[in-house]
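Asker: Quick one: the structure is below, and I'll ask about it shortly.
In full-length UniProt numbering, the protein residues as written are 1 to 504.
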């Protein structure tokens with residue numbers, strides 16, 4: 001009882017010393033306000049927590065929507081209004097606070113007006129003071145910090161090239177294999193890019209110059225590369241397709257051609273590394289030709305331990321000959337999921353809008369009941385929170401880039417379209433930006449190479465043009481790293497520099 005009386009007396013003492021009657025007693029920028037806030041937290045043990053959905057690595061898209069929603073863990077939202085919120089001095093003219101109002105008892109919406117943010121490099125600080133009317137809970141103050149990524153150069157790859165086959169390694173480095181030079185020749189180069197330093201290390205080259213290989217890494221970091229073709233244009237002889245498999249050890253910096261080959265030469269195929277150390281190779285073009293007879297619908301099981309390959313029986317075959325599809329290995333269910341693809345190279349190709357699943361135990365392929373609204377090949381697929389699998393980008397009939405952003409939820413067995421990119425782009429590189437956000441980089445925007453960076457936010461179900469790259473790029477690579485998004489390559493760009501779109 002004595003202790004409580006002393007604390008109340010101290011609080012009254014501080015209140016009496018405030019000269020400006022309009023000053024917020026709980027303003028943490030004043031000596032008295034800071035003291036009162038600390039003491040009040042001792043008296044009222046049950047404090048208020050204010051949170052936002054944005055995590056440290058998210059892109060704060062409220063700059064595009066001009067809306068920021070905050071969650072309170074107590075039903076006190078009616079106490080907060082515009083006068084309790086302050087934007088940091090460096091952005092007070094760029095991010096103008098328009099209004100603050102409750103959406104529910106425990107949710108507050110903050111409205112902004114936003115001007116151009118072309119040079120926003122410093123963090124935005126949003127400070128929230130305690131309302132005078134809020135007496136039943138402790139709340140000292142809250143500071144929210146939002147930092148925006150920006151593009152800059154951080155290093156170089158060994159040579160100017162595009163259409164590089166890449167693999168993000170377990171240690172954070174990026175393996176680059178083959179590709180196409182600015183002179184239009186395929187390459188045998190193998191190198192590793194370190195995003196932390198922006199430098200690369202050259203490995204021994206492949207035994208042949210290649211583009212369009214399939215690549216995967218197993219759990220111990222060993223990388224395998226298979227197939228591809230030795231020329232950029234349409235092959236004129238079958239030997240211009242590769243049936244070789246390479247094993248790359250990033251620790252020992254060795255490149256080894258395996259002593260056995262695929263039973264079929266393959267280009268535009270997929271390959272996944274299985275949990276037992278073996279490989280599964282699927283589909284692709286295996287011989288010269290533009291119609292469906294040059295494409296296969298089968299799968300090869302590659303046994304690394306036994307040193308041989310086996311073509312799976314016909315129960316595993318795709319329903320149509322398939323090239324340029326996306327494969328996802330699900331080790332928990334021992335299956336491989338396939339998205340998109342087409343049945344030939346010529347303009348009359350049939351495109352897929354279905355999802356197929358291959359059971360690795362029974363070796364039976366089945367088509368799931370959900371279908372996407374857009375049939376396309378060359379898609380990118382990734383899993384986001386809520387078990388939604390996004391299907392993004394790709395090519396539709398006539399070689400036109402797809403704008404559609406689709407998702408499939410296996411739990412509910414539903415698929416839906418979540419919107420469209422701002423432009424119809426072909427050859428974008430698409431990568432995760434954060435757990436719920438995806439970044440589109442570059443591509444060919446109808447007739448012109450694009451430098452646009454576009455972000456899709458799966459919680460907002462919206463996409464935004466957020467920035468531009470240092471260089472317009474297509475046939476390039478973008479990969480998420482611990483520093484941000486690393487962007488490099490372009491088969492018609494002589495610049496070897498590596499871009500980083502990050503926050504540091």
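Beta carbons: idealized from backbone N, C-alpha and C, even for Gly.
(1) Going by DSSP, name the residue or residues bridged to residue 500.
(2) Should residue 270 go down as buried or exposed, given a rule of 16 or more other Cβ atoms within 10 Å for buried?
(3) Report the option in 146, 460, 209 and 504 whose CA atom is closest to the CA atom of residue 481.
(4) Buried or exposed: where does residue 67 fall if 16 or more other Cβ atoms within 10 Å of its Cβ makes it buried?
(5) What does the Cβ neighbour count give for residue 332, buried or exposed, with the cut at 16 atoms within 10 Å?
(6) Residue range of the alpha helix (DSSP H) that residue 348 falls in?
(7) Using C-beta distances below 7 Å, list every residue in its chain close to residue 351, excluding the 5 sequence neighbours before and after it, in chain order.
(8) Quick check: residue 452 and residue 444, are their CB atoms within less than 7 Å of each other?
(9) Run the CB neighbour count on residue 488, radius 10 Å, all protein chains shown included, and call it buried at 16 or more, exposed below.
(10) Who are the near neighbours of residue 163 in its chain, counting only those whose CB is closer than 6 Å to its CB and skipping five residues on each side?
(11) Thinking just about the alpha-carbon of each residue, which of 222, 468, 285 and 430 is nearest to the one in residue 247?
(12) Which residues does DSSP list as the beta-bridge partners of residue 47?
(13) Roughly how many angstroms lie between the CA atoms of residue 383 and residue 64, to the nearest whole one?
(14) Considering only their Cβ atoms, is the gap separating residue 311 from residue 328 smaller than 7 Å?
(15) So, under 8 Å CB-CB, residue 454 and residue 421 are touching, yes? Tell me the CB distance rounded to an integer number of Å.
(16) Taking DSSP as the reference, what is the three-state secondary structure of residue 133?
(17) How would you write the range of the alpha helix (DSSP H) that residue 62 sits in, first residue to last?
(18) DSSP on residue 217, reduced to helix/strand/coil?
(19) At a cut-off of 6 Å, is residue 196 close to the ligand MG when judged by its beta-carbon and the heavy atoms of the ligand?
(20) Could you tell me which of 219, 265, 218 and 380 sits nearest to residue 238, measuring between CA atoms?
(21) Can you say whether residue 501 is buried or exposed, counting buried as having 16 or more other CB atoms within 10 angstroms of its CB?
(22) Which runs of the beta strand (DSSP E), 3 residues or longer, sit entirely within the stretch 71-113?
(23) Note the first and the last residue of the continuous beta strand (DSSP E) segment covering residue 159.
(24) Answer yes if the stretch 81-88 comes into contact with the stretch 120-135, meaning at least three C-beta pairs across the two stretches below 8 Å, and no otherwise.
(25) Does DSSP classify residue 402 as helix, strand or coil?
(26) When DSSP labels each residue in this structure, what does residue 242 get in the three-state scheme?
(27) Take residue 90 and list the residues in its own chain whose beta-carbon comes closer than 6 Å to its own, dropping the five residues that flank it on each side.
(28) According to DSSP, simplified to helix, strand and coil, what is residue 198?
(29) Candidates 55, 61, 186 and 50: which alpha carbon is nearest residue 535's?
(30) Determine the burial state of residue 449: buried for a count of at least 16 other Cβ atoms within 10 Å of its Cβ, exposed for fewer.
(31) Along the beta strand (DSSP E) that carries residue 456, what are the first and last residues, could you check?
(32) Under 8 Å Cβ to Cβ from residue 414, same chain only, skipping five residues before and after it: list those, please.
(33) First and last residue of the beta strand (DSSP E) that includes residue 385?
(34) Let me know the secondary structure DSSP gives residue 315 once reduced to three states.
(35) Among all the DSSP beta bridges, which residues are the ones paired with residue 308?
Answerer: Well, looking at it:
(1) For residue 500, which the question treats as bridged, DSSP gives the partners 152 and 486.
(2) Classification of residue 270: buried, given that the 10 Å Cβ count is 16 or more.
(3) Checked all of 146, 460, 209 and 504; the closest Cα to residue 481 is 504.
(4) The residue in question, residue 67, is exposed, as its Cβ has fewer than 16 Cβ neighbours within 10 Å.
(5) Per the 10 Å Cβ criterion, exposed.
(6) Where residue 348 is concerned, there is no enclosing alpha helix (DSSP H), given that its DSSP letter is neither H nor E.
(7) These residues qualify, in order along the chain: 342, 375, 376, 377, 396 and 397.
(8) Pairing residue 452 with residue 444 gives a Cβ-Cβ distance that is not under 7 Å.
(9) Classification for residue 488: buried.
(10) Contacts found: 179, 180, 211, 475 and 491.
(11) With distances taken between Cα atoms, residue 247 lies closest to 222.
(12) Its beta-bridge partners are 138.
(13) If you draw a straight line from the Cα of residue 383 to the Cα of residue 64, it is about 24 Å long.
(14) No, the pair does not count as a contact, with Cβ atoms beyond the cut-off.
(15) Right, the Cβ-Cβ distance comes to about 6 Å (below 8 Å), so this counts as a contact.
(16) Residue 133: coil per DSSP, three-state reduction.
(17) Its alpha helix (DSSP H) spans residues 62-65.
(18) Residue state, collapsed to three classes: strand.
(19) Judged by which ligands are present, the structure shown has none, so any question about the ligand MG falls away.
(20) The shortest C-alpha to C-alpha distance from residue 238 to any of 219, 265, 218 and 380 is the one to 265.
(21) So residue 501 counts as buried.
(22) Taking 3 residues as the shortest admissible run, the stretch 71-113 contains the following complete beta strand (DSSP E) segments, listed from N- to C-terminal end: 85-87 and 95-104.
(23) Per DSSP, residue 159 belongs to no beta strand (DSSP E) and is neither H nor E.
(24) Contact holds between the stretch 120-135 and the stretch 81-88, because three or more Cβ pairs, one in each stretch, are under 8 Å apart.
(25) In the three-state reduction of the DSSP assignment, residue 402 falls in the coil class.
(26) In this structure, residue 242 counts as coil in the three-state DSSP scheme.
(27) Closer than 6 Å at Cβ, skipping near neighbours: 122.
(28) Coil.
(29) Shown here, the chain extends from 1 to 504; a query on residue 535 therefore has no answer.
(30) Flag for residue 449 reads buried.
(31) Where residue 456 is concerned, the enclosing beta strand (DSSP E) stretches over 452-457.
(32) Short of 8 Å from the beta carbon of residue 414, and not among the five residues preceding or following it, lie these beta carbons of its own chain, in chain order: 370 and 408.
(33) Segment: none, residue 385 is in no beta strand (DSSP E) and carries neither H nor E.
(34) If DSSP states are grouped into helix, strand and coil, residue 315 belongs with the helices.
(35) Partner(s): 303.
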